[in-house]
Each structure stands twice: as C-alpha cells, then as structure tokens.
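Numbering (the working numbering), first residue to last: 19 to 485.
C-beta: ideal position from N, C-alpha, C; glycine also.
Here is the structure we will look at.
Okay, here's the thing in structure tokens:
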C-alpha cells in the first residue's frame with residue numbers, strides 16, 4: 019500500500035466546457051446544459067453558472083431563476099460530448115494505458131512508473147497529464163492522487179477547478195477525519211441518516227468505531243468495507259470496466275398514480291434522470307422501455323426500438339411517454355421506471371426533434387414508421403442550439419428563433435468568436451449540420467469508427483411488447 023499511487027482525473031464542467039469550446043462566444047459566460055421544457059433538468063453547468071448556485075441535477079427552471087437573464091441555456095449534444103470524451107481518453111491512455119472509466123468525463127488510472135515515487139514526482143506527472151489534455155483538446159481537467167481510489171477521487175474534488183491535488187501518506191488520516199461522512203464512497207442518504215442519528219457526522223467518527231459497531235449500524239457485509247475506507251485502507255484494483263447493457267431510473271410514489279396525465283408528468287423527471295446517466299455513459303440508445311408496477315405489485319413493461327441509436331432527450335423521453343398505458347384501464351400505478359438499452363457508440367442526432375417532442379400517443383399510432391414519418395413530415399422550426407451550415411458563412415448554431423426568422427452565430431472551436439446573422443427560418447442557404455463539425459477535428463473524427471457519424475443503420479422492425 020505504501021508504494022501505490024492511484025490517479026483520478028475529472029474533466030471540469032465537461033458538458034458546459036465542450037459547449038464553450040465549440041461555441042467560443044460563450045466562453046466566460048454562465049452556460050446551462052439540459053432540458054429546455056418546463057420539467058427539464060440541468061445536465062451540466064459552467065463554473066460561471068455555479069457561482070450563482072446552479073448545479074447538475076437541479077430543475078432547469080430553478081437554475082435559470084438563480085442565474086438570471088445572463089444564463090445561456092442549451093440542449094445537450096451527446097454526439098459532440100462523445101467525440102470530445104474519446105479524444106480526452108485517447109490522450110490519457112497514451113501515458114496511462116489502463117483506465118477504469120467511470121463516465122464520459124472521469125476515470126481512474128494507476129501508472130506503473132509511479133510505484134514507489136515520492137509526492138513531488140506524482141505532482142509533476144499529474145501536471146504533465148493536465149497539460150497534455152489541454153493542449154490536445156482545449157479542455158481543462160482536475161487530477162487527484164492518493165494511495166487508493168477513495169483518496170484519489172476526494173483529491174480531484176479538492177483540486178477543482180483546473181488543478182492538481184496529491185494526498186501524501188502522512189496527511190491521509192487527517193484529511194479523511196474532517197470530511198462529512200457522506201463523502202465516503204458507498205455512503206448514501208439512508209446510511210448517512212442512520213449514522214447521523216447515532217451522532218456520527220464525519221469520516222473520522224466512523225473510523226473511530228469498532229468493527230462490530232460498524233457491522234451493527236451498516237450491516238455485516240457493507241459495514242467492514244466502509245470501515246476500511248474510513249481508515250484510509252483501500253486496495254481495490256484499477257481495472258477496465260465492462261460496459262453497461264442498460265441504463266435506467268425509476269421512482270416509487272407515496273400515492274398511486276390513477277390518470278394518464280399523472281403518468282406523463284411522472285415520466286418527465288424520471289426520463290431526465292435516466293438520460294443524464296446515458297449522457298455520462300457516452301453512448302446512445304435504440305430501445306426505450308417503460309416499467310409500470312401496479313398497486314397489486316404486478317408489473318407491466320412496454321418497449322419500442324428506434325431505427326437508430328440516439329442520445330436526444332426529446333426523442334427518448336417522447337418515446338417513453340408514448341408507451342404509457344392508462345391507469346384507468348390497467349389499474350393504479352405505484353412505481354414508474356424508464357430504461358434505455360441497445361446502447362451503441364454509433365449515434366445519430368434526431369432529424370426532427372421538435373416533432374419527436376410533441377408527438378403524443380395518438381400521433382404515434384397513426385405514424386406508419388419512423389422512416390416514413392421522417393420522409394413525409396413538414397419541416398419543423400429551428401431550435402436554440404441547433405447546428406447549421408450556411409453556403410457562405412459555414413458552420414454555426416442557432417442563438418434564437420421565432421416569428422419566421424432566426425439568429426445564427428457562425429463559429430467553431432477553431433474560428434474564435436464568430437459573427438451573428440439574422441436569417442429567414444426557411445432560407446435555402448441554411449441546412450442542418452453535423453454537430454461534430456463544431457469541434458473542427460477532421461483528422462481525429464476520420465480516424466474513429468467510419469460509421470459512427472454517418473447515416474443511421476438500416477431500420478429493423480420496432481418492438482411494442484407488453485406482458
């Protein structure tokens with residue numbers, strides 16, 4: 019244990035930082051990334067927005083109220099974050115070949131050359147890693163290091179934003195002792211409340227308990243493991259993680275849901291939470307599943323498969339809403355779950371996001387297929403955040419739209435802040451653009467899987483199954 023150094027790197031405000039990177043006008047401004055509707059949730063907030071108290075997982079309406087009129091609110095662009103994440107990870111793997119990736123923007127590593135090194139050597143290694151990431155991608159990362167995963171992750175949090183924190187062996191116990199017990203890996207709200215009832219509010223207080231006392235409070239299986247972590251003992255290996263096959267979220271309600279409107283309202287935030295996990299995972303989903311547990315404890319599930327994998331929230335959550343069944347027909351519902359599966363790195367942005375968002379169940383029944391719908395639907399209005407290409411001005415993004423016109427800012431990562439132009443919403447010179455082009459990394463993108471950003475794979479028959 020005394021010879022070991024584990025690193026944890028964590029990109030700073032990753033989603034918002036990618037938006038500021040690819041849309042240079044936004045650099046230094048309070049950016050909120052997430053759902054734009056009334057029930058939208060913040061997926062990412064820039065540090066300029068966090069100054070006002072905005073944070074991830076907060077309702078978007080609350081974050082907008084905190085930040086005020088200076089807030090820039092954008093829908094997530096999962097395909098862009100995926101490419102940026104891939105380049106960051108490639109950069110890190112060049113010096114730390116084995117990574118245990120936790121999400122889009124964070125991972126553990128244990129460089130073999132740091133075994134037995136002193137703290138100053140580890141600091142230099144971490145600073146070099148941060149410089150490599152910034153030079154290659156234009157994005158900042160914070161890096162922490164310690165004798166195990168627990169301390170490395172705590173250290174990277176202390177390093178934020180844009181810093182390095184190395185926890186030496188001589189300061190481990192003191193650092194852990196003063197932290198709130200919730201900061202300990204594996205302590206959730208239930209365990210935290212149980213410990214607080216016993217007057218245990220810090221990691222140090224938990225570490226001071228005996229093994230038997232911890233087992234009595236937290237259980238014979240989990241308790242001893244958490245007790246070791248509280249004492250700074252963490253020998254868990256760093257290893258490549260197997261990819262998840264499904265990402266989901268669910269919620270049990272204090273009172274049964276008895277109307278279809280109640281179900282539709284419930285699916286919004288549950289779907290948003292599942293979507294945030296999907297964004298962090300870095301892949302898109304082809305299959306959407308809705309789980310309904312009734313008051314008699316029986317379960318109904320329904321699923322639908324799209325012709326392409328997507329990370330577009332409106333498409334995925336809209337599909338979930340169309341799968342719902344009326345409680346007046348099936349009985350009261352006590353639990354609702356939304357799951358995404360058929361996960362793939364091959365993503366396609368929705369061609370008709372506004373249509374996807376507004377279709378209700380009756381619209382879905384009338385549509386012959388997603389392909390037919392796309393071919394026959396009338397053009398939809400441009401949304402704030404849409405990527406476009408102009409025959410003269412090049413790549414840009416929609417800053418505002420309405421009343422038959424739109425304001426487009428023409429810029430990419432490589433151009434610096436660009437000029438804005440007001441155009442007719444049906445201008446023949448404007449077409450939808452691949453969002454990845456805003457990164458302006460043609461060589462890197464060309465080196466990735468050839469099909470990753472091309473047209474969707476051939477459509478297969480969708481599924482709509484209940485049991």
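Three-state secondary structure assigned by DSSP to residue i
i, result
"residue 141", "helix"
"residue 353", "strand"
"residue 21", "coil"
"residue 29", "strand"
"residue 304", "strand"
"residue 362", "strand"
"residue 162", "strand"
"residue 409", "coil"
"residue 35", "helix"
"residue 347", "helix"
"residue 67", "helix"
"residue 216", "coil"
"residue 202", "coil"
"residue 296", "helix"
"residue 11", "Since the first and last residues shown for the chain are 19 and 485, residue 11 lies out of range."
"residue 125", "strand"
"residue 60", "strand"
"residue 466", "coil"
"residue 310", "strand"
"residue 151", "helix"
"residue 288", "helix"
"residue 208", "helix"
Span of the beta strand (DSSP E), counted from its first residue to its last, around residue i
i, result
"residue 417", "412 to 420"
"residue 121", "117 to 121"
"residue 325", "317 to 328"
"residue 52", "49 to 52"
"residue 334", "Careful: residue 334 lies outside any beta strand (DSSP E), inside the alpha helix (DSSP H) at 331 to 340."
"residue 92", "90 to 92"
"residue 12", "Summary: the structure shown does not reach residue 12, with the chain confined to residues 19 through 485, and so no result is reported for it."
Where the alpha helix (DSSP H) through residue i begins and ends
i, result
"residue 265", "Looking at the DSSP string, residue 265 is not in any alpha helix (DSSP H); the run it does join, the beta strand (DSSP E), is 264 to 275."
"residue 85", "78 to 85"
"residue 107", "96 to 111"
"residue 173", "167 to 177"
Straight-line gap, residue i to residue j (C-alpha atoms, nearest Å)
i, j, result
"residue 34", "residue 68", "11 Å"
"residue 235", "residue 247", "16 Å"
"residue 334", "residue 314", "28 Å"
"residue 417", "residue 180", "28 Å"
"residue 88", "residue 22", "46 Å"
"residue 283", "residue 134", "55 Å"
"residue 223", "residue 286", "40 Å"
"residue 72", "residue 178", "16 Å"
"residue 8", "residue 192", "Residue 8 lies beyond the residue range present for the chain, which begins at 19 and ends at 485; the question has no answer from this structure."
"residue 271", "residue 353", "6 Å"
"residue 280", "residue 340", "14 Å"
"residue 31", "residue 441", "32 Å"
"residue 301", "residue 105", "15 Å"
"residue 174", "residue 125", "11 Å"
"residue 401", "residue 466", "29 Å"
"residue 435", "residue 24", "39 Å"
"residue 101", "residue 108", "11 Å"
"residue 98", "residue 216", "47 Å"
"residue 458", "residue 319", "42 Å"
"residue 164", "residue 265", "30 Å"
"residue 329", "residue 113", "30 Å"
"residue 412", "residue 464", "20 Å"
"residue 29", "residue 123", "5 Å"
"residue 462", "residue 299", "21 Å"
"residue 486", "residue 91", "Residue coverage of the chain in this structure runs from 19 to 485, which leaves residue 486 outside it and unanswerable."
"residue 150", "residue 52", "29 Å"
"residue 39", "residue 220", "39 Å"
"residue 371", "residue 83", "Note that residue 371 scores 44 on pLDDT, short of 50, meaning its location in the model is unreliable; the coordinates nonetheless yield the value given after this. Cα-Cα distance, rounded: 26 Å."
Beta-carbon proximity of residue i to residue j, cut-off 9 Å
i, j, result
"residue 455", "residue 430", "yes"
"residue 190", "residue 157", "no"
"residue 422", "residue 444", "yes"
"residue 278", "residue 345", "yes"
"residue 166", "residue 183", "no"
"residue 231", "residue 119", "no"
"residue 37", "residue 74", "no"
"residue 350", "residue 276", "yes"
"residue 249", "residue 296", "no"
"residue 186", "residue 27", "no"
"residue 303", "residue 360", "yes"
"residue 154", "residue 427", "no"
"residue 58", "residue 290", "yes"
Residue i Cβ short of 8 Å to the ligand ADP heavy atom set
i, result
"residue 400", "With respect to the ligand ADP, the structure shown offers nothing to examine, as it has no ligands at all."
Mind pulling the beta strand (DSSP E) runs of 3 or more residues that sit fully within the segment 414 to 463?
423 to 427, 438 to 442, 448 to 450
Entirely enclosed alpha helix (DSSP H) segments - the segment 221 to 266, minimum 4 residues
221 to 225, 229 to 236, 240 to 248
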